[in-house]
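Shown next, in structure tokens, is the structure this report addresses.
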């Protein structure tokens, strides 16, 4: 089947042309962290703040993706890898359209994050570690998942019986167990805005 596939990537309108139209520089902001760390809350806040400033964005949230294009995947190691592969490929499509793309996914291992980075491209991938310890996330338990996991009702729960490897060299780390929402969002904005302003295009 592969010999019958003929990609036309080199024949389509360039990303640069789309960035010029949108007056922004595209970027994939890959937000990682435990469930309940604040990823989705900050991702929504970032999208709203960028929209207010005239930027075209797309938010790819892990739960949204798992209810749509990834709804046939479970939480085995293989399925987690496929979840990230598909999500990264979707992000890459928005990137090529000149869109600032915000991805909010747990992305629990270095291998998984490296897969996303390899698909998106290192220069287009901006990793943000939303840091909150397991105990803090369990106390928040925004979705009621920690209670179920600790009661044995959910298997392969990240941070409990499935690994979470802290990013060693993220572009940005936000400690939501120390900073409140407003401070965390401002740190995120301060880091992202210079990277997506049209004047930064080379």
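In this note's numbering, the protein residues as written are 9 to 210. Beta carbons: idealized from backbone N, C-alpha and C, even for Gly. Predicted, not measured: the structure shown is a model, and the values here were computed from it.
Range covered by the beta strand (DSSP E) that runs through residue 148: Taken as a continuous stretch (DSSP letters only), residue 148 belongs to no beta strand (DSSP E), being part of the alpha helix (DSSP H) at 142-148.
Which word fits residue 9, buried or exposed, when buried means at least 16 other C-beta atoms lie within 10 angstroms of its C-beta?
-> Confidence at residue 9 is low in this model, with a pLDDT of 47, below 50, so its placement is unreliable and the value that follows should be read with caution. Counting Cβ neighbours within 10 Å, residue 9 comes out exposed, since fewer than 16 surround it.
Residue 113 vs residue 180 beta-carbon contact at 9 Å | For the 9 Å CB-CB criterion, residue 113 and residue 180 do not form a contact.
*Measuring CB to CB, does residue 133 end up less than 9 Å from residue 203?*
Against a cut-off of 9 Å, the Cβ pair of residue 203 and residue 133 comes out as no contact.
**OP:** Return the residue from the list 73, 63, 62, 64 that minimises the CA-CA distance to residue 48.
**Re:** The option with the nearest alpha carbon to residue 48 is 73.
*By the 10 Å Cβ neighbour count, where 16 or more other Cβ atoms means buried, how is residue 21 classified, buried or exposed?*
Classification for residue 21: exposed.
> Going by the CB atoms, is the gap between residue 66 and residue 40 shorter than 9 Å?
Replying inline: Not a contact, by the Cβ cut-off of 9 Å.
message: Helix, strand or coil for residue 134? Go by DSSP, reduced to three states.
response: Looking at residue 134 - three-state DSSP - the assignment turns out to be strand.
Check: From this set, 191, 38, 196, which residue's C-alpha is nearest residue 115's C-alpha?
Finding: Among 191, 38, 196, the Cα nearest to that of residue 115 belongs to 38.
Practice task
Pick helix, strand or coil for residue 90, following the three-state DSSP scheme.
Solution key: Correct three-state label for residue 90: helix.
Can you name the residues that DSSP bridges to residue 112? DSSP lists 39, 69 as partners of residue 112.
* To do: Please say whether residue 77 and residue 98 have beta carbons closer to each other than 9 Å?
  => The Cβ atoms of residue 98 and residue 77 sit closer than 9 Å to each other.
Report task. Leaving out five residues on either side along the sequence, give the residues of the same chain with a beta carbon under 7 Å from the beta carbon of residue 167. Result -> Here the set comprises 42, 142.
In whole angstroms, what is the alpha-carbon distance linking residue 190 and residue 36? About 22 Å.
Review point. Cβ of residue 83 within 9 Å of Cβ of residue 163?
Key: Between residue 83 and residue 163, the CB-CB gap stays under 9 Å.
Excluding the 5 residues flanking residue 178 on each side, which residues of the same chain have their C-beta closer than 7 Å to its C-beta? Answer for residue 178: 135, 136, 137, listed in chain order.
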